[in-house]
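From first to last, the protein sequence lines are chains A and B. The letter at position 114 of the first sequence is residue 114 when you use the numbering used here, and the numbering goes up by one with no holes. The letter at position 206 of the second sequence is residue 1206 when you use the numbering used here, and the numbering goes up by one with no holes. Report on the structure given below.
2 protein chains.
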Amino acid sequence: MHRPIQAAVRNRILAALPAAEFALLADHLTRVELTLGESLHRAGDKITSVFFVESGFISALTMLSDGQPLEIGLIGSEGVAGVSVILGATDSYSETMCQTGGGAYRMSASALKDVDARAPHLHDLLLRYTHVFHVQVAQTAACNAHHELGQRLARWLLAAHDRSGVPELSLTQDLIAVMLGVRRSTVSIAAGTLQRAGVIRYQHGKITIVDRVGLENAACECYEAVATEYRALFGEYPDRPPPAVFP
Amino acid sequence: MHRPIQAAVRNRILAALPAAEFALLADHLTRVELTLGESLHRAGDKITSVFFVESGFISALTMLSDGQPLEIGLIGSEGVAGVSVILGATDSYSETMCQTGGGAYRMSASALKDVDARAPHLHDLLLRYTHVFHVQVAQTAACNAHHELGQRLARWLLAAHDRSGVPELSLTQDLIAVMLGVRRSTVSIAAGTLQRAGVIRYQHGKITIVDRVGLENAACECYEAVATEYRALFGEYPDRPPPAVFP
DNA sequence: GCGCATATGTCCGGTATCGTACAAAGCGCG
DNA sequence: CGCGCTTTGTACGATACCGGACATATGCGC
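This is the structure in structure tokens:
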């Protein structure tokens, strides 16, 4: 096991830490590869590990009793899956699942709590990240109730784009339908509209974002509201034009 | 300004504190009365005060750009409105508004942060409360997407009942419709069904819960999932039969 | 007790999405 | 190169809710 080097780390929380605090974490971090569909936490189970995401993205899902999962938030290299342990949670209320290939640094939950108590910048950053994630979930609650699927799809694709960092995503409409809690054929119609408008392109499990601005126009306000919070988390000015891809 | 006496305080967080930590807060607490429709925080504004709710309940609302508010969570005597300041938030992402008459202890946000840093039990409790509130919001996100209005209405009435502590609530269907993000006439139909089933009774702005068990049966799983989390927050056994009213 | 504002019940056509089914198209693997 | 699985497009009636309107009922002030 070799220690990660901070300059080479892509997770934005780890990268933002003072070197002294990063050093406290480094020994506990294990690099892991994430495969599509892999569960990092199961709803109701103990949270034994947390994951600082390096690439790809993770979905946090609430499991309803009829067996249907529904996405409540996305976690990319700006975040940590399982961060609720620092609020004192022991069990995961949500399922966290990798929706792409990707990588992460895994760390035991108890080690994180340990270091968190001794590293004030880490503590601040994790609490602020927790808050921003909460804002994302709250916006999703409102969005689910009010906005049409076309807008929600565009919002989701933008969020996925931001977190993955590449315009070409390996995603089936089936998967997206589960995330958004709608039928696949409904996604097919909405995606077809976006495709005919020339903002995205589909090819059998691959979706390419052709016109990012067009996609932003098709999305509801919820995308921008949440993206602004995430930008503020890392100290970027919220009223500047956003970079092409925020992470 | 007279200091509150802990034994007389009804807010469950304040009541659960060790006397020494309560003493640190007591000087900063001002008793305030809340009137129906009163805003405690406005979306986007600085959070200058937090409110330990004593009676009645508060709605946390996301304001969508079309001007329509949508409720994401309820806060009663088990909680604090504005608690996100302890995560480092400066601005409120949501509107918090009193939906009933009621009372609360107000405290400046900066004083809370101050005391929070010196009072470990308070800190723990506030973080755990934050987490449980987050679970509530997440469940709401899934519920908004999947469950029918009849179930959501029953869930909401149960949550309101828990937080107000009395079976008779002063609530119009109009108000409930805004909270749930649906049209009033849709609420009228769903409420009529519940009334004909004999679980609630309506009378011009007053709604009485007649058959609490019947209402629980009419609600979706989301009520019980969240109530279990709140019970655990104050150390009650989640697998025991719930008291008639949890707060 | 009467009038009026407020609250609730109900009706209409319209639409987004459901639930299910089936057909067509793309890619992987032999 | 073609078979088969996966992915996508599309059709169909059913339904929950919308958006707006109107009628009725309740309670409050006078």
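Glycine included, every Cβ here is placed at the ideal spot set by N, Cα and C.
Between residue i and the rest of its own chain, which residues show a CB-CB distance below 6 Å, the 5 nearest in sequence each way excluded?
i: A/His161; result: Ile209
i: B/Arg1010; result: Glu1054 and Ser1077
i: A/Gly214; result: Val199
i: B/Gly1080; result: This sequence places Val at residue 1080 of chain B; Gly is not what is there. Correct list, in chain order: Val1050 and Phe1052.
i: B/Thr1140; result: Ile1072
i: A/Phe22; result: Gln6
i: B/Arg1240; result: For B/Arg1240, the pLDDT reaches just 40, beneath the cut-off of 50, and the residue's location in the model is therefore unreliable, although a value from the coordinates is still provided. Hits under 6 Å: none found.
i: A/Leu153; result: Ala190
i: B/Val1115; result: Leu1024 and Leu1025
i: B/Ala1119; result: Glu1021 and Leu1024
i: B/His1147; result: Cys1220
Between residue i and residue j, how many whole angstroms is the CB-CB distance? I'm expecting something under 8 Å.
i: B/Leu1061; j: B/Leu1070; result: 6 Å
i: B/Asp1091; j: B/Asp1027; result: Not a contact, Cβ separation roughly 27 Å.
i: A/His134; j: A/Pro18; result: Going by Cβ atoms, the distance from A/His134 to A/Pro18 rounds to 25 Å, so no, they are not a contact pair.
i: A/Tyr255; j: A/Ala190; result: Past the edges of chain A, shown from 1 to 247, lies residue 255 of chain A, and the structure says nothing about it.
i: A/Tyr105; j: A/Leu29; result: 4 Å
i: A/Gly37; j: A/Met97; result: 7 Å
i: B/Gly1103; j: B/Leu1034; result: 6 Å
i: B/Asn1235; j: A/His131; result: Here residue 1235 of chain B is Gly; the residue named in the question, Asn, does not match the sequence. At roughly 25 Å, the Cβ-Cβ gap does not stay under 8 Å, so B/Gly1235 and A/His131 are not in contact.
In terms of DSSP beta bridges, what is residue i paired with?
i: A/Thr208; result: A/Glu168 and A/Arg201
i: A/Thr30; result: A/Arg106
i: A/Cys98; result: A/Ile58
i: B/Asp1091; result: B/Lys1046
For a contact meaning CB atoms closer than 7 Å, what does residue i contact in chain A?
i: B/Arg1248; result: Missing from the structure shown is residue 1248 of chain B; chain B here goes from 1001 to 1247 and no further.
i: B/Ser1094; result: Ala138
i: B/Ser1084; result: His131
In chain A, which residues lie less than 8 Å from residue i when you measure between Cβ atoms?
i: B/Gln1099; result: Simply none; closest approach about 17 Å.
i: B/Asp948; result: Given a span of 1001 to 1247 for chain B in the structure shown, any question on residue 948 of chain B remains unanswerable.
Below 7 Å on C-beta distance, what does residue i contact in chain B?
i: A/Gln139; result: Thr1062
i: A/Leu70; result: Ala1142, Ala1145 and His1146
i: A/Val135; result: Tyr1093
i: A/Gly257; result: Residue 257 of chain A falls outside the range modelled here, since chain A spans only 1 to 247, and no answer is possible.
Leaving aside the five residues before and after residue i along the sequence, list all residues of the same chain whose C-beta is less than 7 Å from its C-beta, in chain order.
i: A/Glu95; result: Ser39, His41, Arg42, Ala43, Leu61, Met63 and Pro69
i: A/Pro243; result: Model confidence at A/Pro243 stands at a pLDDT of 44, short of 50, so the residue's coordinates are unreliable; what they give is reported in the following sentence. Cβ neighbours of A/Pro243 beyond the five flanking positions: none.
i: B/Pro1167; result: His1161, Thr1208 and Ile1209
i: B/Thr1193; result: Gly1150
i: B/Ser1170; result: Thr1100, Gly1205 and Lys1206
i: B/Arg1003; result: Ala1026 and Asp1027
i: B/Leu1158; result: Leu1215, Glu1216, Ala1219 and Tyr1223
i: B/Gln1136; result: Gly1073 and Val1226
i: A/Gln173; result: Arg184, Val187, Ser188 and Ala191
i: A/His123; result: Asp116
i: A/Gln195; result: Arg201 and Tyr202
i: A/Lys113; result: Val85 and Ile86
i: A/Ser108; result: His28, Thr48 and Ser49
Could you list which residues in chain A have their beta carbon closer than 9 Å to that of residue i, in chain order?
i: B/Ala1221; result: It is worth fixing the name first, because residue 1221 of chain B is Glu in this sequence and not Ala. In chain order: Leu64, Ser65 and Asp66.
Which same chain residues, not among the five before or five after residue i, have their C-beta less than 8 Å away from its C-beta?
i: A/Pro247; result: Because A/Pro247 carries a pLDDT of 37, less than 50, the predicted location of this residue cannot be relied on, and the following value inherits that uncertainty. Correct list, in chain order: Arg12, Gly76, Ser77, Glu78, Asp162, Arg163 and Gly165.
i: B/Arg1183; result: Ala1177
i: B/Tyr1129; result: Ile1013, Glu1078, Gly1079, Val1080, Val1083 and Leu1233
i: A/Gly142; result: Before going on, a small fix: residue 142 of chain A reads as Ala here, not Gly. These residues qualify, in order along the chain: Cys222.
i: A/Leu126; result: Ile13, Val80, Val83, Ile86 and Asp116
i: A/Val32; result: Phe51, Gly103, Ala104, Tyr105 and Arg106
Taking residue i as the query, report the chain B residues whose CB atoms sit under 8 Å from its CB, ordered along the chain.
i: A/Val50; result: By Cβ distance, chain B contributes nothing, its closest Cβ being about 14 Å from A/Val50, past 8 Å.
i: A/Gly181; result: Ala1142, Ala1145 and His1146
- Considering only residues of the segment 1032-1087 of chain B, which uninterrupted beta strand (DSSP E) runs meet the minimum length of 3 residues and lie entirely inside it, listed in chain order? The DSSP assignment places complete beta strand (DSSP E) segments of no fewer than 3 residues inside the segment 1032-1087 of chain B at 1039-1041, 1049-1055, 1058-1063 and 1069-1075, in order along the chain.
- Query: What are the start and end residues of each continuous alpha helix (DSSP H) run of 4 or more residues lying completely inside the segment 1120-1159 of chain B, in chain order?
  - Reply: Listed in chain order, the complete alpha helix (DSSP H) runs (minimum 4 residues) inside the segment 1120-1159 of chain B are 1120-1146.
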